[in-house]
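Participant: Taking the UniProt record's numbering, the leading residue of the sequence shown gets 1, the next gets one more, and so forth.
If you scroll down you'll find the structure; I have some questions about it.
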Amino acid sequence: MYVCLCNAVSDKTLREVVRRYQPKSIQQLRQLVPVGKQCGKCIRAAREIMDDEMKNAPLYKEIA
Ligand code: FES
1 MYVCLCNAVS DKTLREVVRR YQPKSIQQLR QLVPVGKQCG KCIRAAREIM
51 DDEMKNAPLY KEIA
């Protein structure tokens with residue numbers, strides 16, 4: 001299902017990007033995928049998907 005119709009970004013794409021890069025904010029997510037860069041109507045849905053995916057994301061600790 002498309003979340004962002006303007007840029008043809010699907011929920012599957014968003015979930016994969018969130019799982020892989022674990023963005024900390026919607027601004028970081030927008031740097032990774034072109035979601036919300038035109039009309040902005042998809043931002044709320046994108047945030048909900050990001051929050052949902054981050055709930056299930058494993059915690060990685062940096063090893064210095
Ligand atoms: S639907 Fe995403 S910018 Fe328009």
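A virtual CB, placed ideally from N, CA and C, is assigned to each residue, including glycine.
With DSSP as the reference, please indicate the residues paired to S10 in a beta bridge.
Facilitator: Y2
Participant: Closer than 8 angstroms to a non-hydrogen atom of ligand 1 - does that hold for the CB of Q22?
Facilitator: no
Participant: Give me the Cα-Cα distance between K41 and N7, rounded to the nearest whole angstrom.
Facilitator: 12 angstroms
Participant: Taking Cβ positions, are L32 and V17 nearer each other than 9 angstroms?
Facilitator: yes
Participant: Using the three-state DSSP reduction, which class does Q31 fall into: helix, strand or coil?
Facilitator: helix
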